[in-house]
Amino acid sequence: MKTVYDFTVKKPNGEEKSLKEYEGKPLLIVNTASKCGLTKQFSGLQELYDKFKDDGLEILGFPCSQFNNQEFDNIDETTEFCQLNYGVSFPMFAKIDVNGEKAEPLFSYLKEQKKGVLSKDIKWNFTKFLIDKNGQVVKRYAPTTEPAKIEKDISDQF
Numbered sequence: 001m002k003t004v005y006d007f008t009v010k011k012p013n014g015e016e017k018s019l020k021e022y023e024g025k026p027l028l029i030v031n032t033a034s035k036c037g038l039t040k041q042f043s044g045l046q047e048l049y050d051k052f053k054d055d056g057l058e059i060l061g062f063p064c065s066q067f068n069n070q071e072f073d074n075i076d077e078t079t080e081f082c083q084l085n086y087g088v089s090f091p092m093f094a095k096i097d098v099n100g101e102k103a104e105p106l107f108s109y110l111k112e113q114k115k116g117v118l119s120k121d122i123k124w125n126f127t128k129f130l131i132d133k134n135g136q137v138v139k140r141y142a143p144t145t146e147p148a149k150i151e152k153d154i155s156d157q158f
């Protein structure tokens with residue numbers, strides 16, 4: 001059976017990273033944007049990370065410009081913005097597409113596993129996917145779902 005651990009993604013510097021490195025840990029995978037009305041969610045995501053990282057939680061951020069071009073062109077600007085403005089210390093990856101022909105394969109898989117309300121496509125920035133310790137997609141959260149509202153679901157993974 002396929003899991004998220006079967007995927008390889010790109011780090012901001014272009015190096016490939018196997019998600020197998022996260023095997024046995026719950027994950028929260030999020031498509032992010034630095035210039036979005038929901039960007040303040042970085043604070044809540046960081047709070048979740050601070051609270052659960054010692055238990056094994058990893059939050060993986062994937063910048064995306066598919067929704068009103070709300071991400072910096074330069075990935076270094078993105079990572080610097082997240083660190084300086086929101087104290088982001090969880091891993092951020094290379095900018096990706098989440099929908100369409102050029103969609104990141106990981107996100108195509110996530111969307112197949114947990115469809116949205118009306119379709120499988122991701123509708124906006126900050127769609128979140130909770131992955132259990134076995135690499136299975138447990139839940140999909142709408143962009144407007146505040147990170148604090150996911151806390152109980154995350155704590156249930158330990």
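140 is the number that full-length UniProt numbering gives to position 140 of the sequence shown; each next residue is one higher, with no gaps. Just so you know, even glycine gets a beta-carbon here, dropped at the ideal spot from N, CA and C. All values derive from a computational prediction rather than experimental measurement.
- Sequence-distant partners of VAL88 (beyond 5 residues in either direction) whose C-beta falls short of 6 Å from its own C-beta, in its chain, are PHE42, GLN46 and CYS82.
- Take TRP124, set aside five residues on each side of it, and the residues of its chain with a beta-carbon closer than 7 Å to its own are PHE67 and PRO143, in chain order.
- In this structure, DSSP gives PHE62 an extended state, which the three-state scheme calls strand.
- Nearest Cα to GLY100 within the set SER108, PHE93 and PRO147: SER108.
- Excluding the 5 residues flanking it on each side, SER65 has same chain C-beta neighbours closer than 6 Å at GLU71, in chain order.
- In this structure, LEU28 lies away from LYS152, with their beta-carbon atoms at least 7 Å apart.
- Here the alpha carbon of LYS133 sits roughly 11 Å from the alpha carbon of LYS20.
- Put simply, the backbone Cα of ASP54 is about 12 Å away from that of PRO26.
- The three-state reading of DSSP puts LYS40 in coil, since its state is none of H, G, I, E or B.
- Shown here for LYS115: same chain residues with a beta carbon closer than 8 Å to its own, the five before and five after excluded, namely ARG140 in chain order.
- Burial check for VAL30: the Cβ neighbour count within 10 Å reaches 16 or more, so the residue is buried.
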